[in-house]
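Below is one structure; the comments refer to it alone.
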Ligand code: SF4
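Numbering (this note's numbering), first residue to last: 88 to 510.
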């Protein structure tokens, strides 16, 4: 399944079609702190980032995007900016005048949570009409300013209305996006990019594949932004991103990517570039020839020679993820230069949720909403709990996606306010 997309311009960057796959990241500074935000964007640009997203919580932050842009211009930097909006349509309407793209989350943008558990067909339709009414002003502003919109659906923050009808499923993610696409199309707005993100890698892959197939049926060709949310840090975070993003790119799906890591944002860029260099060819790549042993537990044996450690991690993860989508397996043996790499094999099986050999961590990459040093806190939590095999522990900067993504976690560590964490 190769996704053929139309081209959407985000500032001077063309996304989709035959254009090269573009790398994005997100700042984790306070958007009102112009100096720190500009300095971080400059570090991202120097690392090779092509588009930067900024947390935009309120009108004051939306207004400050103008100052950030003008400071960047003074420094000779013209990188397109994206305002990340979750709850407030008015904030999006202000931001859309200053930046090249606005990201909205259909799960909580207009379609707010009402603690309702049942929706009649009539109520479902009424809510949809309300969304159309409330989003129309934003679409007008975006048309006027040539601002693109990303409909960014997250598994952790689907609206209750969508949850009631479709459950917390890949189908629910896709229906949430399709509903917004259709509303935008009804106003003749097509400057759209879509994303389906989840921390559970198989869910992210399934949702993206399903979205491509739904769009193909309907004759829509919007570009896709790929990412695995709350992937965490270190090798674990990189394995989840390689599995989700790399395997989709290797199947010809995806137009722009963000590798989310609970590390400095600029650390995301070299890894994203490696994934694009290997798989961003916009065609379906052949599967490797491997040994598949089905006698006891189905298992794959993958052998590599003379690779750098990050290349080995990427190749083994992406190959295994693609192989199990054809023929499932419960075990993996990775050999490098004829020696077993058991740690890598175990980490890949864990990253894909197949077999757990240590505690599982779900940690957000942090952003301007984060109210504590999540990178440090994650390290501390990991040091104390990694040995607790089978436990799922979430470390989240805030509740925006936190509560949904950590719904099946055994413990959660969530930013609740300045200097305040809920356990
Ligand atoms: Fe930002 Fe983390 Fe909250 Fe997501 S969960 S909005 S990355 S602080």
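Note that beta-carbon positions come from the ideal geometry of N, C-alpha and C, so glycine has one too.
Could you please give me the residues that DSSP links to residue i through a beta bridge?
i	result
residue 285	Bridge partners of residue 285: none, in fact.
residue 464	Looking at the DSSP assignment, residue 464 forms no beta bridge with any residue, so it has no partner.
residue 291	BP columns for residue 291 are empty, so no partner.
residue 454	Bridge partners of residue 454: none, in fact.
residue 171	142 and 190
residue 493	None, per the DSSP bridge assignment.
residue 447	479
residue 109	343
residue 237	190 and 280
residue 416	According to DSSP, residue 416 bridges with nothing at all.
residue 423	391 and 426
residue 134	Looking at the DSSP assignment, residue 134 forms no beta bridge with any residue, so it has no partner.
residue 364	Note: residue 364 sits in no beta bridge, so no partner.
residue 359	In DSSP, residue 359 forms no bridge with anything.
residue 318	450
Using a Cβ-based criterion (distance less than 7 Å to any ligand heavy atom), does residue i qualify as near the ligand SF4?
i	result
residue 452	yes
residue 485	yes
residue 456	yes
Any idea if residue i is buried or exposed, counting beta-carbon neighbours within 10 angstroms, 16 or more meaning buried?
i	result
residue 396	exposed
residue 429	exposed
residue 378	exposed
residue 261	buried
residue 264	buried
residue 312	buried
residue 450	buried
residue 463	exposed
residue 204	exposed
residue 248	buried
residue 510	exposed
residue 127	buried
residue 122	exposed
residue 135	exposed
residue 151	buried
residue 327	buried
residue 239	buried
residue 254	exposed
residue 355	buried
Kindly indicate the opening and closing residues of the beta strand (DSSP E) around residue i.
i	result
residue 504	498-504
residue 390	386-391
residue 180	Counting along the chain, residue 180 falls outside any beta strand (DSSP E), though it belongs to the alpha helix (DSSP H) covering 176-182.
residue 313	311-313
residue 441	Counting along the chain, residue 441 falls outside any beta strand (DSSP E), and DSSP gives it neither H nor E.
residue 95	95-97
residue 509	507-509
residue 379	378-380
residue 102	100-102
How is the alpha helix (DSSP H) around residue i delimited, first residue to last?
i	result
residue 211	208-232
residue 402	396-413
residue 338	Per DSSP, residue 338 belongs to no alpha helix (DSSP H) and is neither H nor E.
residue 264	257-273
residue 253	247-253
residue 166	Per DSSP, residue 166 belongs to no alpha helix (DSSP H) and is neither H nor E.
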